[in-house]
């Protein structure tokens, strides 16, 4: 496991906010030269700490005003092929993430929709029609706050 | 408003946010100047908020990730504020969401 110092943590914190900035700009924020910053980013990337980069889009500006977290319980646990259910859920364009979880539900999905009526259409036509899907719980997102987590 | 080219640009950038304008242009079928201008326009309009790094927590020794669902006590008037204040003191918490919950049984 890689050991991090305060500067590494500051670099990671900066990159989770803006990974588009170069090593020079990032170095000025954390108080390092451009080459020293670049070497640290390289080390963190090679150690697998930086899993990848992701585009942060304003979903509302894209016309997707509703985000719903869905808990899905399988109806015939043990008799449904998990791979088939996962593939079918992942193939729904409005489903952003599919997580297999241990707990009250078997799967946790993040679903985006234009509005509640659009979400109802996705739920009725795409999710509830899948074989193996049992109880479903919907949590409509009101607000979301990103915190620093262990590196914050 | 976004058109089909904008949407194709976003789809390609979601797969690889570091894609160079020239490669992006080839994939969406336009010139690199046009691709670059459209990306800038979407950044200025706030459609593209940022490119963010995703942290692999298990590489830092955090191998378990748990989603906690908290139902607020409706009789306590300041329950929400108390939970929020407590959460700010918890260094392991990195996302909090407010929900409006519905159960659907089929």
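Protein chains in written order, with the numbering used here: chain L, 1396 to 1547; chain B, 24 to 129. Note that CB positions come from ideal geometry on N, CA and C, so glycine has one too.
Contact holds between the region 1503-1513 of chain L and the region 1456-1476 of chain L, because three or more Cβ pairs, one in each stretch, are under 8 angstroms apart. Any Cβ of chain L closer than 8 angstroms to the Cβ of residue 83/B would place that residue at the interface, and such an atom is present. As far as DSSP is concerned, residue 54/B takes part in no beta bridge. When only Cα atoms are considered, residue 93/B and residue 110/B end up about 11 angstroms apart.
Secondary structure of residue 1407/L (DSSP, three-state): helix. Neighbours of residue 101/B in chain L, taken as residues at a C-beta separation under 7 angstroms, are lacking, since the least C-beta distance is about 18 angstroms. Rounded to the nearest angstrom, the gap between the Cα atoms of residue 42/B and residue 1425/L is 26 angstroms.
If you draw a straight line from the Cα of residue 85/B to the Cα of residue 1543/L, it is about 14 angstroms long. Secondary structure note for residue 1425/L: its alpha helix (DSSP H) is the uninterrupted segment 1418-1425. In terms of CA proximity to residue 107/B, 1539/L leads the group 1451/L, 1539/L and 1521/L. Of the residues 1420/L, 1416/L, 1419/L and 1445/L, the one whose Cα lies closest to the Cα of residue 1404/L is 1445/L. With contacts defined as CB atoms closer than 8 angstroms, residue 1483/L and residue 1525/L qualify as a contacting pair.
In the three-state scheme derived from DSSP, where H, G and I count as helix and E and B as strand, residue 1462/L is classed as strand. Contact check between the region 1516-1523 of chain L and the region 1487-1498 of chain L: three or more CB pairs, one atom from each, fall below 8 angstroms, which counts as touching.
Around the beta-carbon of residue 1436/L, 16 or more other beta-carbon atoms lie within 10 Å, marking it buried. Ranked by Cα distance from residue 53/B, the options 27/B, 73/B and 67/B are led by 27/B. Taking the beta carbon of residue 72/B as reference, the chain L residues within 7 angstroms of it are 1451, 1452 and 1453, listed in sequence order.
Within the region 48-78 of chain B, contact with chain L at the beta-carbon level (separation under 8 angstroms) is assigned to 68, 69, 70, 71, 72, 73, 74, 75, 76, 77 and 78.
By the Cβ neighbour-count rule, residue 1422/L is buried, with 16 or more other Cβ atoms within 10 Å of its own. The DSSP-derived three-state label of residue 1487/L is coil.
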